[in-house]
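Quick notes on the structure that follows.
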Amino acid sequence: MRTGLAGRAAAGAALSVLLCVPAHAARPSPPGPTGDTDGTATEATEAAAGAAGAALVARRAAARATAEGSGGLDFRRCPDAEELPAPVRCATLRVPLDYARPDGPQISLTVSKVAATGARGAVRQGALVHNPGGPGASGMYFPLLADLPGWERIAAAYDLVGYAPRGVGRSAPLSCQDPARGAKGPTQVPADPSPVYKTQRLAAARAYARGCARRAGAALPHYTTLNNARDLDVLRAALGERKLSFMGASYGTYLGAVYATLHPGRVGRMVLDSAVDPDPRRVWYRNNLDQSAGFERRWYDFRAWAARHHATYGLGATPAAVQASYARVRDAVARTPAGGVVGTGELRAAYLQAAYYDDVWPDRAAALAAFLRGDPARLTAQAAPDPRTAAEAENATAVYTAVLCNDASWPADWETWDRDHTELAREAPFETWANAFLNLPCASWPVRERQRPVAVGAQPERLPGTLVVAAERDGATPYPGALELQRRLGAGASLVTETGAGSHGVVGGRNGCVDRHVERYLLTGATPGWRVTCAPHPEPAPVSLDDRAASTHRALLPPVV
2 MRTGLAGRAA
12 AGAALSVLLC
22 VPAHAARPSP
32 PGPTGDTDGT
42 ATEATEAAAG
52 AAGAALVARR
62 AAARATAEGS
72 GGLDFRRCPD
82 AEELPAPVRC
92 ATLRVPLDYA
102 RPDGPQISLT
112 VSKVAATGAR
122 GAVRQGALVH
132 NPGGPGASGM
142 YFPLLADLPG
152 WERIAAAYDL
162 VGYAPRGVGR
172 SAPLSCQDPA
182 RGAKGPTQVP
192 ADPSPVYKTQ
202 RLAAARAYAR
212 GCARRAGAAL
222 PHYTTLNNAR
232 DLDVLRAALG
242 ERKLSFMGAS
252 YGTYLGAVYA
262 TLHPGRVGRM
272 VLDSAVDPDP
282 RRVWYRNNLD
292 QSAGFERRWY
302 DFRAWAARHH
312 ATYGLGATPA
322 AVQASYARVR
332 DAVARTPAGG
342 VVGTGELRAA
352 YLQAAYYDDV
362 WPDRAAALAA
372 FLRGDPARLT
382 AQAAPDPRTA
392 AEAENATAVY
402 TAVLCNDASW
412 PADWETWDRD
422 HTELAREAPF
432 ETWANAFLNL
442 PCASWPVRER
452 QRPVAVGAQP
462 ERLPGTLVVA
472 AERDGATPYP
482 GALELQRRLG
492 AGASLVTETG
502 AGSHGVVGGR
512 NGCVDRHVER
522 YLLTGATPGW
532 RVTCAPHPEP
542 APVSLDDRAA
552 STHRALLPPV
562 V
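In C-alpha cells form, the structure reads like this:
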C-alpha cells in the first residue's frame, strides 16, 4: 500500500462512494421513535445521563491536560500501521463506549498531530482538528498537509490534528461482514431493477444488518453522531484547548453543527465545507433522496463536458450521445466483464466518482473511449476492486451504516422505499437505486431505540463567526443544505459559494478565492460577509488518448467523503 498523502488520497477516493448526505424530497417518512409519554421520558433521562457523563469525561480530560502542562495526550512516534512519517506524532484517547456510563467500558481513539511551525514569527493559535466526513472516513492523514503549498501560514499558527472517529481504522474498529466479500468482481447490477432483484437486495440488506449486530454486539447502538460530537469535545479538552477550532467536510459539517449546538460556548474557529442539510426532518432518509437527485445533475455535467470534447474522446457531441456511449460500455461489461473483474456494479462505482470530483473526468472519459475502441485496460485499471483496500472499505461502510441507521428513524416498510425510489429514478436513474440499496439495512436495523436528530441551531447562546463553504452544483451535498446550515447557525455564519462548480470538497481544491477566505478566517477570525461568491475553478482540460489521463489533481486535501 502506498504511504503518505498519496495513499490516503487513494483511500479517500475509494471511500467517497459512501458519502452519506442525501436527498430529493419525497414522501414523508414514518414518524420517529415512539412518542408515548413513557418512551419520551426514558429517552430524555438517557440523554441527560449521556450529557452529564460527557461533561464529566471532558472535565477529567481537561484536568489531566492542565496537570501535565502540554496536554493530556501522550504523542509519540506513529505506529507503522498508520503510515504517517515524522514529524507527525500519534496518541490514543480513551473515551467511554456509552457516555451514560462514563466509568463503564472504554474504547481508544487514534489521534495524529504535527505541531505549529511558528514560521516567520507566527503566534500559535491552538489546535485545528479535522474530520473528512463519511461517516466512516479517517482524518489521521490531516497533519501531512503542513508541508503542502498553500498551508504554510495555517500550519505556522495551528497544530494540525487528525483523528479516526469511533469505529474507524484502529479506533475500536467496526465490521459487519468479511471484507473479502467486497474485494472481488465482477458484480452485475441491472440499470432498472426488477421486482425479483429488489427482493434479493432486501434480503441482503437484512442479512447485512444482522451481521452488524452479530459482530458489534452491545456496542452497536453507540455509533452515533451524538457520541461522535461528545468524543470531539473530549478530544478538545485532552488537547488542552478551551475552545475547539475545527474543519469538517461533508458529514463532518453535520458533526461540527451538532457540536456547535451542544457546546456553543466552546466553538472557536469553525470551517464547514460541503454542507449536509441539518434539518432534523431530512436526516437521513430524505437527505439521501436529495443526494441521488444531485448526483444526476453532476452526471449530466460530466456528460456535457465530454460532449464539448468530442473531438478528443469521440463519445458523442451531446450529453445524450455520451450517455449512449456509456450505455454501450455498460451493456458490454454486463455480457463480458472488463478484465474479468469489472461488471456493471464496478462500472457504476467508478463513474460515480465523476459526480463527486471533476478532476477525474479526463480519466473516466479516456477509459470509456479506449474501451469502445477495443482496449479495456484503462477501464479495468480504474474500476477493478482493489483487495489491498478491501478491509478499509468494509470498515468505512460499516461505520457509515451504523451511524446513519442509529441517528434517526427510517421507513421500516419496503413499500415506502420502493415507491419513493421508483418515483425518483424516473428523473434520476444514475444513482438512485444504488443509494437506496446502500442504505436499506436501516429499514431493519437491529437497534430498538434510535436517536432523535439534534435540533441544529437550537443552541441557547449566539455562536461566534463560522464559515460555511459550498459548491453551487455539488451533487453529494446539494447546495440547499448549505443555505439551511447557514440559517441555523445564525447571524454570525458566513457562506462562501463557488458558483457554477460542483466538485465535492471545495477547501484546498483549485480555487484560490475560496482558500484565501478560509485562510483569512482561520488566522484572524474575520468572516467575509453574510454571503460571498467565488468564480468556479477551471474545468479540467481533455487529455489525448495517447497521453496519461487526468493531469489535474486536487491541490491540497484528499477527497472528502
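Sequential numbering of the sequence shown, starting at 2, is according to the numbering used here.
Just so you know, even glycine gets a beta-carbon here, dropped at the ideal spot from N, CA and C.
Straight-line gap, residue i to residue j (C-alpha atoms, nearest Å)
i	j	result
ARG182	GLU395	9 Å
ASP302	TYR358	11 Å
ALA477	ALA68	44 Å
LEU129	LEU146	12 Å
PRO80	CYS91	8 Å
GLU540	SER195	38 Å
ALA409	LEU221	14 Å
ALA426	HIS223	33 Å
LEU227	ALA318	49 Å
TRP434	PRO442	14 Å
VAL115	GLY266	26 Å
ARG511	TRP285	30 Å
ALA101	LEU256	20 Å
GLY493	MET248	17 Å
VAL361	HIS310	15 Å
ALA350	GLY122	47 Å
ASP376	LEU316	15 Å
TRP446	ASP332	34 Å
ALA276	THR200	34 Å
HIS518	ALA370	39 Å
ALA258	LEU98	22 Å
TRP415	ALA66	50 Å
TYR260	PRO106	23 Å
VAL544	VAL190	30 Å
TRP411	GLU83	35 Å
PHE372	ALA366	10 Å
Assigned secondary structure, residue i (DSSP; H/G/I helix, E/B strand, else coil)
i	result
PHE76	coil
TYR522	helix
PRO97	strand
ASP387	coil
ARG532	strand
GLU84	coil
THR118	coil
ARG65	helix
LEU175	coil
ALA50	helix
ALA527	coil
TRP411	coil
TRP418	helix
ASP1	Residue 1 lies beyond the range of the chain shown here (2 to 562); nothing can be said about it.
TYR142	coil
ARG379	helix
THR188	coil
TRP152	coil
ALA59	helix
LEU369	helix
LEU425	helix
VAL515	helix
Residue i, enclosing alpha helix (DSSP H) - first and last residue
i	result
ARG374	Premise fails: ARG374 is in no alpha helix (DSSP H) and is neither H nor E.
ARG304	286 to 309
ASN407	391 to 408
ARG349	345 to 357
TYR260	252 to 263
ARG329	320 to 336
Per DSSP, the bridge partner or partners of residue i
i	result
ALA92	VAL112
MET271	PHE247
ASN132	GLY249
GLY127	TYR159
ASP339	The identity of residue 339 in the sequence shown is Ala, whereas the question assumes Asp. Answer by DSSP bridge pairing, in chain order: VAL343.
ARG107	Going by the sequence as given, residue 107 is Gln instead of Arg. Per DSSP, PRO97.
First and last residue of the uninterrupted beta strand (DSSP E) at residue i
i	result
ASP160	159 to 164
ALA494	494 to 499
beta-carbon residue i near the ligand ADP non-hydrogen atom, thresh 7 Å
i	result
GLU47	The ligand ADP is not part of the structure shown, which contains no ligands of any sort.
### Task
Could you name each continuous alpha helix (DSSP H) segment of 4 residues or more that falls completely within the region 192 to 249, going from the start of the chain to the end?
Whole alpha helix (DSSP H) segments, 4+ residues: 196 to 217, 226 to 239.
### Query
Going along the chain, which unbroken runs of the beta strand (DSSP E) with 3 or more residues stay wholly within the region 427 to 491?
Runs of the beta strand (DSSP E) lying entirely within the region 427 to 491, each at least 3 residues long, are 467 to 472 in chain order.
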